[in-house]
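> Got a structure for you, questions after.
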Amino acid sequence: MSVYFQQRYYRHPLQYSTYYQAPSENEEQQQPVPQNRVEVNPLTERRERPLYRGVKEVRSCLAYIFQYARKTAKPDTSTYVCMHCKKLKKYTAIRVKGEDFLDDPVMLDHSCLPVERTRDKAERLSYKVSKLCKIIKIIISYARIDYMVIFQQLREALVRANAESEELQLRFIVDFEMATINAARRVFPRFSVEGCSWHLSQAWVRKRNSLGPLHYMKGEGRCGRVIRWWRTLKGLPFLPRSCYHLVNALQTPPVDQVHPAYVPCQNFLDYLNSTWLAGPFSNMWCKYMVHEERTTNAAENYHGRLRRILMKKHPPLASLLLVFRAFTSVAKATLKRMEAVC
0 MSVYFQQRYY RHPLQYSTYY QAPSENEEQQ QPVPQNRVEV NPLTERRERP LYRGVKEVRS
60 CLAYIFQYAR KTAKPDTSTY VCMHCKKLKK YTAIRVKGED FLDDPVMLDH SCLPVERTRD
120 KAERLSYKVS KLCKIIKIII SYARIDYMVI FQQLREALVR ANAESEELQL RFIVDFEMAT
180 INAARRVFPR FSVEGCSWHL SQAWVRKRNS LGPLHYMKGE GRCGRVIRWW RTLKGLPFLP
240 RSCYHLVNAL QTPPVDQVHP AYVPCQNFLD YLNSTWLAGP FSNMWCKYMV HEERTTNAAE
300 NYHGRLRRIL MKKHPPLASL LLVFRAFTSV AKATLKRMEA VC
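Heads up: the sequence shown begins at 0 in numbering that gives the first Met the number 0, then just goes up one per residue.
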């Protein structure tokens, strides 16, 4: 029986698939011995490990399906896990380099049985065509409605708390989700809606890593000019917007056009200009003279505390209400203690 092993590359799960065909019994007897040797030093040497080459788009009856898990310490090697073993709470991992399995997938301690490869691929394709777009649209529409309800309830609570009808000046700090931003601006048109500095830095770092400048900031390709350029860009949120045109790091890459880092740095500058300087978030991430509450860390910590107490991501409503009542009692007691001291 021939068994095929599929790798899933989750940059886009359905664009690229690779299958590995295990050798038959006759083929196993004719396996070539690795011919190349890697010289470690003049005194010692070690044999190169055998690789298990993948074959693209091979027809088969049964297959083990592997999905990407994480990168390893080596830059060109990743760890994949058997998807169906993972469903059975079993972590069956294998290292993959390009299209080569670094260990024999047949010898892994699988808890699952091979599945029909063609059926699995058909299910994933049908999911992409018939379900994925609908699910995304439903999530977005429901999120928009939910945020509107939340902000309307918050507005009513603020009106009840503001008995003297004083004019409030509030700041909303969000994580750059458009549904949240649109709902907040619609319900509170006079209030300031700002972005979270931590989420901003994470977005920039992810884009930097995907476009390539990271390669010239560490390792053998390390370039001091690229490092100083990146550090300058990280300080942009703390400058007034009127001074952005004075920052040379925003105008041109830090290296000449013949340098290999020029194109990645220019691509990142194009991303900054299109998304953050002239895009929908252009007026949301400036933190100049903002000394308090630049991130959503307080809300994140509160949600983390709730999750640790409830021990569930989606707890029953009754349990959630009990925790809220306990929090309210503690807050009232703390407030009375502070009033007594003052």
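C-beta atoms are modelled at their ideal positions from N, C-alpha and C, and glycine is treated no differently.
(1) Express the C-alpha separation of S77 and T71 in angstroms, rounding to a whole number.
(2) Would you kindly check if the distance between the Cβ of A182 and the Cβ of M147 is under 9 Å?
(3) When burial is assigned at 16 or more other CB atoms within 10 Å of the CB, is H302 buried or exposed?
(4) Would you call H290 buried or exposed, if buried means 16 or more other Cβ atoms sit within 10 Å of its Cβ?
(5) Run the CB neighbour count on S196, radius 10 Å, all protein chains shown included, and call it buried at 16 or more, exposed below.
(6) I'd like to check one pair, F190 with R170: are the Cβ atoms closer than 9 Å?
(7) Reducing DSSP to helix, strand and coil, say where Y146 ends up.
(8) I need the boundaries of the beta strand (DSSP E) containing K88, first residue and last residue.
(9) State the Cα-Cα distance for the pair P252 and Q265, rounded to the nearest angstrom.
(10) The alpha helix (DSSP H) spanning E299 covers which residue range?
(11) Does the beta-carbon of A62 have 16 or more other beta-carbons within 10 angstroms, so that it is buried, or is it exposed?
(12) What is the DSSP secondary structure of K130, reduced to helix, strand or coil?
(13) Leaving out five residues on either side along the sequence, give the residues of the same chain with a beta carbon under 6 Å from the beta carbon of K199.
(14) DSSP puts N250 in a beta bridge; with which residues?
This is what the structure gives:
(1) 5 Å
(2) yes
(3) exposed
(4) exposed
(5) buried
(6) yes
(7) helix
(8) First-last for K88: undefined, no H or E at that position.
(9) 6 Å
(10) N296 to L309
(11) buried
(12) Here K130 scores only 44 on pLDDT, less than 50, and its place in the model should not be relied on; the value that follows carries that caveat. Of the three classes helix, strand and coil, the one that applies to K130 here is helix, per DSSP.
(13) Here residue 199 turns out to be Leu, not Lys, going by the sequence shown. Here the set comprises W284.
(14) Here the sequence assigns Gln to residue 250, which means Asn is not the residue at that position. In the DSSP output, where bridge partners are listed per residue, Q250 has none listed.
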